[in-house]
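A.B. asks: Per our numbering: the sequence shown = residues 22 to 402.
Ideal placement from N, C-alpha and C gives every residue a C-beta, glycine not left out.
Source: prediction; values computed, not measured.
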Amino acid sequence: MTKMTRLLPALFLITIACGSNNTLQHTGRGFLETGDYDLAIIQLRAEERMNPADVRIKRDLGIAYFRTKQYEKAVSKLSQAAKLNSRDQVSLFYLGVNYEFLQQLDKAAIVYRACSSLDIKDELKNELLARSQEIELKYSKKQIRDNLSELKNSNSHVTEPNSVAVLYFRNISEWRELTPLLKGLAEVLITDLGKVQRLKIVKRKKVQLLLDELHLTPCGLLDQLKMRDTGRMLGAAKLITGGIERVDNTRIRLTAGVVDTKSGQLQGESVQAAGRLSEIPELEKILLVGLLKSLGVRLNSDEAKALQQFPTKNNLAFIAFSKGLDFEDRNIIRQAKYQYEKAINLDAEFKLAKQRLAQLSQKRLTIAEMEKLLPQSYKNP
22 MTKMTRLLPA LFLITIACGS NNTLQHTGRG FLETGDYDLA IIQLRAEERM NPADVRIKRD
82 LGIAYFRTKQ YEKAVSKLSQ AAKLNSRDQV SLFYLGVNYE FLQQLDKAAI VYRACSSLDI
142 KDELKNELLA RSQEIELKYS KKQIRDNLSE LKNSNSHVTE PNSVAVLYFR NISEWRELTP
202 LLKGLAEVLI TDLGKVQRLK IVKRKKVQLL LDELHLTPCG LLDQLKMRDT GRMLGAAKLI
262 TGGIERVDNT RIRLTAGVVD TKSGQLQGES VQAAGRLSEI PELEKILLVG LLKSLGVRLN
322 SDEAKALQQF PTKNNLAFIA FSKGLDFEDR NIIRQAKYQY EKAINLDAEF KLAKQRLAQL
382 SQKRLTIAEM EKLLPQSYKN P
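1) With respect to the beta strand (DSSP E) encompassing G285, which residues constitute its N-terminal and C-terminal limits?
2) Find out if the Cβ-Cβ distance for the pair F114, C136 is shorter than 7 Å.
3) Shortest alpha-carbon distance to E68 belongs to which of S153, K306, G51?
4) Do you know offhand how far L82's Cα is from Q154's?
5) I'd like to confirm the pairing. Which residues does DSSP put opposite G264 in its beta bridges?
6) Within the stretch 321 to 389, note down every full alpha helix (DSSP H) run reaching 4 residues or more, in order along the chain.
7) Roughly how many whole angstroms lie between the Cα atoms of L231 and Q356?
8) Which word fits T271, buried or exposed, when buried means at least 16 other C-beta atoms lie within 10 angstroms of its C-beta?
9) Counting C-beta neighbours from all protein chains within 10 Å, is the total for K204 16 or more, i.e. buried, or is it exposed?
10) Per DSSP, which residues does A258 bridge with? Please list them.
11) Going along the chain, which residues of its own chain have a beta-carbon closer than 6 Å to the beta-carbon of Y92, five neighbours each way excluded?
12) Run through DSSP, which three-state label would K221 get?
13) Would you tell me roughly how many angstroms separate the C-alpha atoms of Y319 and T251, rounded to the nearest one?
14) I need the straight-line Cα distance from L381 to M71, nearest angstrom please.
15) By a C-beta neighbour count over all protein chains shown, 10 Å radius and 16 as the cutoff for buried, is N43 buried or exposed?
16) For a test of the three-state rule: what should DSSP assign to M25, helix, strand or coil?
17) So, with DSSP's three-state summary, where would you put E392?
18) Under the three-state reduction of DSSP, which class applies to R108: helix, strand or coil?
19) Going straight from the alpha carbon of E54 to that of R134, what length do you get?
20) Given a threshold of 16 other Cβ atoms within 10 Å of its Cβ, counted over all protein chains shown, does E370 qualify as buried or as exposed?
21) K259 to G215, Cα distance in whole Å?
22) Using the rule of at least 16 other Cβ atoms within 10 Å of the residue's Cβ for burial, across every protein chain shown, is S322 buried or exposed?
23) Identify whether S299 lies in helix, strand or coil by the three-state DSSP scheme.
24) Using the Cα positions of T48 and L60, report the straight-line distance between them to the nearest angstrom.
25) Using a Cβ-Cβ cut-off of 8 Å (strictly less than) and excluding sequence neighbours within five positions of V76, which residues of its own chain qualify?
26) Under a Cβ-count criterion, where at least 16 other Cβ atoms within 10 Å of its own Cβ denotes burial, should N147 be classed as buried or exposed?
27) For Q229, which residues from the same chain have a beta carbon less than 7 Å from its beta carbon, with the 5 sequence-adjacent residues on both sides left out?
28) Judging by CA-CA distance, which residue of K334, A277, M248 is the nearest neighbour of G285?
29) Compare the Cα-Cα distances from M391 to each of S299, G117, K363, S315 and report the closest residue.
30) So, K94 versus Y86, is the Cβ gap smaller than 7 Å?
31) Less than 7 Å separating the beta-carbons of Y359 and L378?
32) Which residue marks the beginning of the alpha helix (DSSP H) containing D81, and which one marks its end?
33) Just to check my reading of the structure: L367 and L337 have Cβ atoms closer than 8 Å, yes? What is that Cβ distance to the nearest angstrom?
34) Can you round the beta-carbon distance between L202 and I307 to whole angstroms, since I take them to be within the 8 Å contact cut?
35) Relative to the alpha-carbon of R219, which residue among K344, Q330, V185, I131 has its alpha-carbon at the smallest distance?
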């Protein structure tokens, strides 16, 4: 008996059901929920023809394609559903999953992050953020190795004009107390710059991957590569570089500037901020304002409001967070967790520290376990 012959009785019932709109609206979903995916696809396609702008139908059809391992068709329908409703959590979740199955890792990470920004359960939010970071690392490793190969072969490499990478600041005075701040300062600057929609910000982890690939210390990147080559490796048209130095026993000075990687020249003026070590969060904001000016960015009201928020005003929490980043980069997870916990104990509202701790501590979930956390259950029967 052929597959089509087996489906004929059910197709007859579907034809009868099409006479009633109320029945039609639920039959495709019913087949999906009972695991009759081939029938679900047939019925949902019929429903889609009658209701081409129905988000639910396109979403369910995308899920049915996913269940039958037709990932490209699933992406097509789920993308359409997401365009109709950009805040549909289920469509975004399955779209990210299908991109991951298709090994389109950069797209999967973007969609997972978009989904994690919606009102979903914390356990699912943390898993999606962890998955997106994991995917971004895999993609970045491949990108860096490809770029290094291109550099050796002197091939040209095009970067987006609004792409920006923040390099680790140099400890100019070599005062040991300042060294832990280098990674934390870069991370907070990256987080703030990431709130500006027109900028494409390179993740700090990608900078760390390049350092690891070249076996360099945090401050050794520009000693090894020219500005232009560094920009090519990171996929950045602009580099933010800077230094931190000791003025006296309690005061420090931060200096930063934007470098155009094509010309190797400073863009705009260098920016300085000086104050007490305990004022490091406030000094970062002063740098941020000057750097945005050098980048030629004009903020809208929402961006300006978002950038007024401090990740923390507790400098001891900031130092602990910075140490946590360094331990995490070196895969010393127990110490990283300890430093993040210390940062949170010092400032219970330190969201960046909470996110890093949650992603390190969370038990990784399977797709089936994540599905159970969706607002509507689409678990595989």
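C.D. replies: According to the structure data:
1) No residue range can be given for G285, since it is assigned to no beta strand (DSSP E) and is classified by DSSP as neither H nor E.
2) In contact: F114 and C136 (Cβ atoms closer than 7 Å).
3) Of the candidates S153, K306, G51, the one whose C-alpha sits nearest the C-alpha of E68 is G51.
4) The straight-line gap from Cα to Cα measures roughly 29 Å.
5) Paired residue(s): R191, T276.
6) Entirely contained in the stretch 321 to 389, the alpha helix (DSSP H) runs reaching 4 residues are, in chain order, 322 to 328, 336 to 350, 354 to 367, 372 to 382.
7) Taking the straight line from one Cα to the other gives about 23 Å.
8) Answer is exposed; the Cβ neighbour count stays below 16.
9) It counts as buried.
10) A258 pairs with nothing; no bridge assigned.
11) Answer for Y92: N119, F122, L123, listed in chain order.
12) K221 falls in the strand class under three-state DSSP.
13) In the sequence as displayed, the identity of residue 319 is Arg instead of Tyr. Take the alpha-carbon of R319 and the one of T251: they are about 27 Å apart.
14) Here the alpha carbons of M71 and L381 stand approximately 47 Å from one another.
15) Below a pLDDT of 50, predicted positions are generally treated as unreliable, and N43, at 45, falls in that range; no measurement from the model is reported.
16) Its pLDDT being 47, under 50, M25 is placed unreliably in this model, and the coordinates cannot settle the point.
17) Looking at E392 - three-state DSSP - the assignment turns out to be helix.
18) Residue state, collapsed to three classes: coil.
19) Answer to the nearest angstrom: the Cα atoms are 27 Å apart.
20) Taking all protein chains shown into account, E370 has fewer than 16 neighbouring C-beta atoms within 10 Å of its C-beta and is therefore exposed.
21) Going by the C-alpha atoms only, they are around 14 Å apart.
22) Answer is exposed; the Cβ neighbour count stays below 16.
23) Helix.
24) When the Cα atoms are used, T48 and L60 turn out to be separated by approximately 9 Å.
25) A102, L105, N106, D109, S112, listed in sequence order.
26) Per the 10 Å Cβ criterion, buried.
27) The residues are D350.
28) Selection K334, A277, M248 evaluated against G285 yields M248 as nearest (Cα-Cα).
29) Nearest of S299, G117, K363, S315 to M391, Cα basis: G117.
30) Yes, Cβ-Cβ distance for K94 and Y86 is below 7 Å.
31) Against a cut-off of 7 Å, the Cβ pair of L378 and Y359 comes out as no contact.
32) Annotation: the continuous alpha helix (DSSP H) that includes D81 extends over 76 to 88.
33) Contact flag correct, Cβ pair sits at about 5 Å.
34) 15 Å between Cβ atoms; not a contact.
35) Of the candidates K344, Q330, V185, I131, the one whose C-alpha sits nearest the C-alpha of R219 is V185.
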